[in-house]
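Peer 1: Residue numbers (our numbering): 1 to 159. Can you read through this structure? Questions will come right after.
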Amino acid sequence: MDTMTGEVNETYLSDLHSRTTDENQSSFTDFVEDAEEDDLGTTIAVVSDPTGGIVEASDEFIPELGMPENELNNFRRVRNSIDIEDDVKRHNKAVEITGIDDKYADYMDNDSEARNKISELVERVENGEDITFVCFEKDPKWCHRHSLVEKVTEKVNDQ
C-alpha cells in the first residue's frame, strides 16, 4: 500500500514573518525568498487569542486548537506574578506551576471540537499535506503547539 504521508511541523509568528518578508516589500504574504527551503506547507494558527497578525500571516486559523481561554488567562496571571527577570525562565516556571502542559493534553483528549479538528488534520497529513502549526512562543519557551505536533504525529503514525 502506497502512503503519501505529509509532515507535521511547527514555528512561531516572528519566524513565519521572517520567512515570508523582506525589507523591500509592502506585504509579508507577497514574497517567499526560497520556496524549496522555506516551504512550510499549510501554516495553521492554533491560538485562542489571535493578536499580532498571526491569523493574517497564516494560511488557516483553528481556534479550537488554541489553549483554552480560562487556562491561558490563569497562566498569564501566574506568569505575571512570578518575580524572575528572565522572560523565558518566568514563562517556563509558570508552565510548571500551572501544569498547563498537562491541562492542554487533557483538553486535546477530552474536548470534542479539539478531537474533531485533530482527526481532520491527521487525515490531511495522511493524504500527503504538509502542515505547520503557528503560535507565538519562540524556543526555548514551552508552547502548546509542541504537544499538538506530538499528538498529530502520534496519530498519523498509529494509522
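Built from N, CA and C at the ideal position, the CB exists for glycine as well.
Take the Cβ of Lys117 as the centre, count every other Cβ of all protein chains shown within 10 Å, and call the residue buried at 16 or more, exposed below.
Peer 2: Buried is the call here.
Peer 1: If you run the structure through DSSP and keep just helix, strand and coil, what is Glu129?
Peer 2: If DSSP states are grouped into helix, strand and coil, Glu129 belongs with coil.
Peer 1: Cα-Cα, which of Glu150, Asn157, Asp139, Lys155 is closest to Thr11?
Peer 2: For Thr11, the nearest C-alpha among the options comes from Asp139.
Peer 1: As an exercise, report each continuous alpha helix (DSSP H) stretch of at least 4 residues that is fully enclosed by the region 91-154, in chain order.
Peer 2: DSSP runs (the alpha helix (DSSP H)) wholly in the region 91-154: 100-110, 112-126.
Peer 1: Taking Phe136 and Val55 to be in contact with their CB atoms under 8 angstroms, please state how far apart those CB atoms are, rounded to whole angstroms.
Peer 2: Not really, about 12 angstroms apart at Cβ, beyond 8 angstroms.
Peer 1: How many Å lie between Asn127 and Leu65 at the Cα?
Peer 2: Roughly 21 angstroms between the two C-alpha positions.
Peer 1: Would you call the region 82-99 and the region 107-126 touching, i.e. three or more CB-CB distances under 8 angstroms?
Peer 2: The region 82-99 is not in contact with the region 107-126.
Peer 1: Can you give me the start and stop residues for the alpha helix (DSSP H) that Ile82 sits inside?
Peer 2: From DSSP, Ile82 is part of no alpha helix (DSSP H); its letter is neither H nor E.
Peer 1: State the start and end residues of the unbroken alpha helix (DSSP H) segment that holds Ile62.
Peer 2: Neither: Ile62 is in no alpha helix (DSSP H) and is coded neither H nor E.
Peer 1: Given this structure, state the Cα-to-Cα distance separating Asp15 from Asn110, to the nearest angstrom.
Peer 2: Approximately 31 angstroms between the Cα atoms of the pair.
Peer 1: Quick check on Lys165: buried or exposed, where buried means 16 or more other Cβ atoms within 10 Å of its Cβ?
Peer 2: Given a span of 1 to 159 for the chain in the structure shown, any question on residue 165 remains unanswerable.
Peer 1: Relative to the alpha-carbon of Glu71, which residue among Asp86, Asp87, Asp106, Ile82 has its alpha-carbon at the smallest distance?
Peer 2: Selected option, being the one with the closest Cα: Asp106.
Peer 1: Assuming Asp15 is part of the alpha helix (DSSP H), what are its boundary residues?
Peer 2: First-last of the alpha helix (DSSP H) with Asp15: 13-19.
Peer 1: Suppose the cutoff is 8 angstroms on Cβ atoms and the five residues either side in sequence are ignored; what does the same chain contact list for Ser147 look like?
Peer 2: Within the same chain, Ser147 has close Cβ partners Asp101, Tyr104, Ala105, Met108.
Peer 1: Taking Glu69 as the reference, which of Asn157, His144, Thr153 has the closest Cα?
Peer 2: Nearest C-alpha to Glu69: His144.
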